[in-house]
Amino acid sequence: MAVGFALPRLQERYSALTANLILAGLVMIWHLRYIFSGDLPLFALIGTLTATILFGWLYNNTQGSVLLVFLFHAADGVLKPSYTGIDSTHYFWLTLAVWCVMALTVVICYGPPLVRRSATQTRIAPVGEPLTAK
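In terms of this note's numbering, the sequence shown is numbered consecutively and its last residue is 163.
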């Protein structure tokens with residue numbers, strides 16, 4: 030899995046978010062074969078981008094657990110109803126929207142490191158004292 034091999038190496042040089050965006054580009058190239066074969070629509074590449082960010086966030090917040098990332102990836106395919114026609118397209122767009130909201134939430138809440146700040150990294154100002162940047 031690319032997350033377990035490439036992501037740690039990319040994160041040695043770049044922030045976690047940048048490393049995940051680079052990895053997402055590679056994963057999107059890998060998924061092009063499904064688009065060319067007609068198995069996925071072109072807009073699925075947006076889902077690939079957001080999923081890669083979420084996989085990287087999960088990897089970084091589970092001390093590098095490739096197993097949990099793999100299970101998260103596998104779970105995406107479990108709950109796909111057998112819709113046909115326009116219902117299938119609507120379902121795909123809805124799923125894509127959920128993935129985008131989740132990835133955006135992770136980026137906003139965790140920032141480029143994509144990891145939770147520890148209590149020692151967070152400064153809380155005493156009551157009545159303004160919080161100033163260090």
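Where is the CB? At the ideal position from N, CA and C, for every residue including glycine.
Quantities reported herein were computed from a predicted structural model and do not represent experimental measurements.
- Can you give the beta carbon distance from VAL135 to LEU78, rounded, assuming they're within the 8 Å contact cut? By a beta-carbon distance limit of 8 Å, VAL135 does not contact LEU78. Their separation comes to about 13 Å.
- Message: Could you check whether the region 126 to 134 touches the region 79 to 99, counting it as contact only if at least three pairs of C-beta atoms, one from each stretch, sit closer than 8 Å?
- Response: Contact between the region 126 to 134 and the region 79 to 99 is present, because at least three Cβ pairs lie under 8 Å.
- For GLN40, name the three-state secondary structure that DSSP assigns. DSSP places GLN40 in helix when its eight states are reduced to three.
- Item | Burial state of GLY106, where buried means 16 or more other Cβ atoms lie within 10 Å | With fewer than 16 Cβ atoms within 10 Å of its Cβ, GLY106 is classed as exposed.
- Task: Compare the beta carbon distance of ARG38 and ASN90 with 8 Å and say whether it is the shorter of the two.
- Result: The Cβ atoms of ARG38 and ASN90 lie no closer than 8 Å to each other.
- Message: Assuming TYR63 and LEU55 are in contact, meaning their beta carbons sit under 8 Å apart, how far apart are those beta carbons, in whole angstroms?
- Response: TYR63 to LEU55, Cβ: 15 Å. No contact.
- Task: Would you mind listing the alpha helix (DSSP H) stretches within the region 65 to 115 that are 4+ residues and don't spill past its ends, in chain order?
- Result: Listed in chain order, they are 73 to 89 and 95 to 105.
- Query: Quick one: Cα of SER66 to Cα of PHE34, how far?
  - Reply: Cα-Cα distance, rounded: 27 Å.
- Item | Alpha carbon of GLU41 to alpha carbon of ILE115, nearest angstrom | The straight-line gap separating the alpha-carbon atoms of GLU41 and ILE115 is approximately 44 Å.
- Message: I'd like to check one pair, TRP86 with TYR139: are the Cβ atoms closer than 8 Å?
- Response: Contact check for TYR139 against TRP86 passes: the beta carbons are separated by less than 8 Å.
- Which residues in the same chain have their Cβ closer than 7 Å to the Cβ of TYR112, if we skip the five residues on either side of it in sequence? Here the set comprises TYR120.
- May I ask you to report which of helix, strand or coil DSSP gives GLY33? Reduced to three states, the DSSP call for GLY33 is helix.
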